[in-house]
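**Q** My structure is below; once you've seen it, I'll send some questions.
Protein chains: 2
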Amino acid sequence: MRWNELDQEPCSIARTLSVIGDRWTMLILREIFFRHRRFEEMQSELNITRPVLAQRLRKLVSDGVLRKVAYQSQPTRHEYRLTDKGAALSPVMMALMHWGDTQMLPAGTPRAVHLRHCTCNAQFDPVMTCSVCHEPLAPKDVRMERRGSVPSLELNPL
Amino acid sequence: MRWNELDQEPCSIARTLSVIGDRWTMLILREIFFRHRRFEEMQSELNITRPVLAQRLRKLVSDGVLRKVAYQSQPTRHEYRLTDKGAALSPVMMALMHWGDTQMLPAGTPRAVHLRHCTCNAQFDPVMTCSVCHEPLAPKDVRMERRGSVPSLELNPL
DNA sequence: TGAGTCAGTTCAAAAAACAAACTTGAGGCG
DNA sequence: CGCCTCAAGTTTGTTTTTTGAACTGACTCA
Chain A
380 MRWNELDQEP CSIARTLSVI GDRWTMLILR EIFFRHRRFE EMQSELNITR PVLAQRLRKL
440 VSDGVLRKVA YQSQPTRHEY RLTDKGAALS PVMMALMHWG DTQMLPAGTP RAVHLRHCTC
500 NAQFDPVMTC SVCHEPLAPK DVRMERRGSV PSLELNPL
Chain B
380 MRWNELDQEP CSIARTLSVI GDRWTMLILR EIFFRHRRFE EMQSELNITR PVLAQRLRKL
440 VSDGVLRKVA YQSQPTRHEY RLTDKGAALS PVMMALMHWG DTQMLPAGTP RAVHLRHCTC
500 NAQFDPVMTC SVCHEPLAPK DVRMERRGSV PSLELNPL
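As they're listed, the protein sequences go chains A and B. Going from the first sequence to the numbering used here is simple: count from 1 and add 379. Going from the second sequence to the numbering used here is simple: count from 1 and add 379.
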């Protein structure tokens, strides 16, 4: 399988990675989530090279994750905003952030970013739960089952 | 910022991406979650080139996400298994999968993979919730706040 | 007129990925 | 013994991507 054929895969993980699975895309989206919406702003925050930033933004727009909105004319300038499809990536962003906080931070290091839930006004951690029983999901209690495949394959640690 | 300096960033998203943020790593981990633990097995499932697979597995072991376990000697052969740190990536995997299911699948297409929760035995969707009020998190109700930074920046769509 | 801003594009060099063949240390077959 | 097979890589040469630096174009401001 080549990288550019990934969007044709039947697997949803592969299809998602065909959009956000490269070295820079999620960092660009992090900037957008932080409301850094303009080319120059993202370029100087991220220190990404300009050609890569331009190419990635073009792809994110064509994939329907971002949209270009003009904020002035003469000359026309635009900024990049999340579409609903892009906003739906927030659980992915929170999951990445939480893994980094819990697994990559030397003990005692304070977190650089935290999350606040506007409806309850608390600083919180994101917890993945089951849509049916509403309990938090422990890795060992989750199975990934392939449709049509014979038994079932566990999403199980060790 | 160059890619290899990413693990030095203070941001947890950047640190996480320094481990799993390239074109192949999450696909390799998908295979591991599906219990395809051996080199040949992963190589033929993924059609990844052998040098890239070898390099990624080496890095995942050195990052503490996988560990090598011998399953025979003479000649010594090993398989790759998740550590606890690796198993902790399951919310990331579920979030990626769920985004693909809901945003990338043409309407009416059945899902290739689904999730089952062993404790309640139901097929479920993963739902990200607030650790404080336990409500599901809508993208617009979540803010990312930078420590020390002046106001607060919203993790807000449009 | 000259300097500055923003959103890119162009171009050459360096790094990474690709494809195919090769290696290493076994066991099995005739 | 010589030859084939297997698993888990490594080597080699080619192609693609990324990097870094400079350049462009449409405008504003002094």
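All C-beta atoms, glycine included, are put in the ideal place defined by N, C-alpha and C. All figures in this text were calculated on a predicted structure; none of them were measured in a lab.
Beta carbons nearer than 8 Å to chain B: which residues of the segment 412 to 426 of chain A have them?
**A** F412, F413, R414, L425, N426
**Q** Any contact between the segment 500 to 518 of chain A and the segment 469 to 482 of chain A? By contact I mean 3 or more CB pairs, one from each, below 8 Å.
**A** yes
**Q** Quick one: what does DSSP say M380 of chain B is sitting in, helix, strand or coil?
**A** Residue numbering aside, residue 380 of chain B sits at position 1 when the second sequence is read from its first letter. M380 of chain B: coil per DSSP, three-state reduction.
**Q** Exposed or buried, what is P518 of chain A when buried is set at 16 or more other beta-carbons lying within 10 Å of its beta-carbon?
**A** Taking the first sequence and counting its residues from 1, the one referred to as residue 518 of chain A is at position 139. Buried.
**Q** Could you check what DSSP says for V515 of chain A in three-state terms: helix, strand or coil?
**A** As a first step, residue 515 of chain A is located in the first sequence; it is residue number 136 there, counting from the start. The residue asked about is misnamed: residue 515 of chain A is Pro in this sequence, not Val. Three-state result, P515 of chain A: strand.
**Q** According to DSSP, is Q502 of chain A part of a helix, a strand, or is it coil?
**A** Here residue 502 of chain A is taken as the residue at index 123 of the first sequence, counted from 1. Note: Q502 of chain A maps to strand in three-state DSSP.
**Q** Is the distance from the Cβ of G443 of chain B to the Cβ of G465 of chain B below 9 Å?
**A** As a working mapping, residue 443 of chain B is identified with position 64 in the second sequence. As a working mapping, residue 465 of chain B is identified with position 86 in the second sequence. Between G443 of chain B and G465 of chain B, the C-beta spacing is below 9 Å.
**Q** In the DSSP assignment, find the unbroken alpha helix (DSSP H) run with H493 of chain A in it and report its ends.
**A** As a first step, residue 493 of chain A must be located in the first sequence, where it is residue number 114. Per DSSP, H493 of chain A belongs to no alpha helix (DSSP H); it is in the beta strand (DSSP E), 492 to 496.
**Q** Within its chain, find whatever has a CB closer than 8 Å to the CB of V529 of chain A; leave out the 5 residues flanking it on each side and keep chain order.
**A** Here residue 529 of chain A is taken as the residue at index 150 of the first sequence, counted from 1. Here the model assigns V529 of chain A a pLDDT of 41, short of 50, so the residue's position is not dependable, and the following value carries that caveat. Counting only Cβ-Cβ distances below 8 Å, and skipping sequence neighbours, we find nothing.
**Q** In chain B, which residues lie with their C-beta within 7 Å of the C-beta of P489 of chain A?
**A** Here residue 489 of chain A refers to the residue found at position 110 when the first sequence is read from its first residue. Simply R526.
**Q** Using a Cβ cut-off of 7 Å, pull out every chain A residue sitting near A474 of chain B, in sequence order please.
**A** Taking the first residue of the second sequence as 1, we reach residue 474 of chain B at position 95. By Cβ distance, chain A contributes P470, V471, A474.
**Q** Give me the chain A residues within the contact set of E514 of chain B, using Cβ-Cβ distance strictly less than 9 Å, ordered along the chain.
**A** Translated into the one-based positions of the second sequence, residue 514 of chain B becomes position 135. Correct list: H496, T498, C499.
**Q** Just to check my reading of the structure: T462 of chain A and L445 of chain A have Cβ atoms closer than 8 Å, yes? What is that Cβ distance to the nearest angstrom?
**A** The sequence position of residue 462 of chain A within the first sequence is 83, counting from 1. The sequence position of residue 445 of chain A within the first sequence is 66, counting from 1. Contact annotation, T462 of chain A with L445 of chain A: C-beta distance approximately 7 Å; criterion of less than 8 Å satisfied.
**Q** For I407 of chain B, would you say it is in contact with chain A, using Cβ-to-Cβ distances shorter than 9 Å as the test?
**A** Position 28 of the second sequence, counted from the start, is the residue given in the question as residue 407 of chain B. By this cut-off, I407 of chain B is not an interface position.
**Q** Among B:V521, B:K447, B:R525, whose alpha-carbon lies nearest the alpha-carbon of P489 of chain A?
**A** As a first step, residue 489 of chain A is located in the first sequence; it is residue number 110 there, counting from the start. That would be B:R525, whose Cα lies nearest to the Cα of P489 of chain A.
**Q** Between V440 of chain B and chain A, is any beta-carbon pair separated by less than 9 Å?
**A** On the second sequence, residue 440 of chain B is found 61 positions in, with the first residue counted as 1. It does not: the Cβ of V440 of chain B has no partner Cβ on chain A nearer than 9 Å.
**Q** Report the residue from B:L385, B:C499, B:F418, B:L494 whose alpha carbon sits nearest the alpha carbon of L406 of chain A.
**A** Here residue 406 of chain A refers to the residue found at position 27 when the first sequence is read from its first residue. For the set B:L385, B:C499, B:F418, B:L494, the Cα lying nearest the Cα of L406 of chain A is the one of B:L385.
**Q** So with CB distances below 8 Å, who are the chain A contacts of L396 of chain B?
**A** Taking the first residue of the second sequence as 1, we reach residue 396 of chain B at position 17. What L396 of chain B touches in chain A: R402, M405, L406, L475.
**Q** One question on the structure: do T404 of chain B and R435 of chain B come within less than 9 Å of each other, judged by their Cβ atoms?
**A** Counted from its first residue, the second sequence places residue 404 of chain B at position 25. Counted from its first residue, the second sequence places residue 435 of chain B at position 56. Judged by beta-carbon spacing, R435 of chain B lies within the 9 Å limit of T404 of chain B, meaning their Cβ atoms are closer than that value.
**Q** Give a yes or no on whether the C-beta atoms belonging to C499 of chain A and V521 of chain B are separated by under 9 Å.
**A** Translated into positions along the first sequence, residue 499 of chain A becomes position 120. Translated into positions along the second sequence, residue 521 of chain B becomes position 142. No; because the gap between Cβ atoms is not below 9 Å, this pair is not in contact.
**Q** Cβ of L484 of chain B less than 9 Å from any chain A Cβ?
**A** Here residue 484 of chain B refers to the residue found at position 105 of the second sequence. Judged by the 9 Å Cβ criterion, L484 of chain B is in contact with chain A.
**Q** Do N426 of chain B and M421 of chain A count as a contact pair if the criterion is CB distance below 9 Å?
**A** Position 42 of the first sequence holds residue 421 of chain A. Position 47 of the second sequence holds residue 426 of chain B. No.
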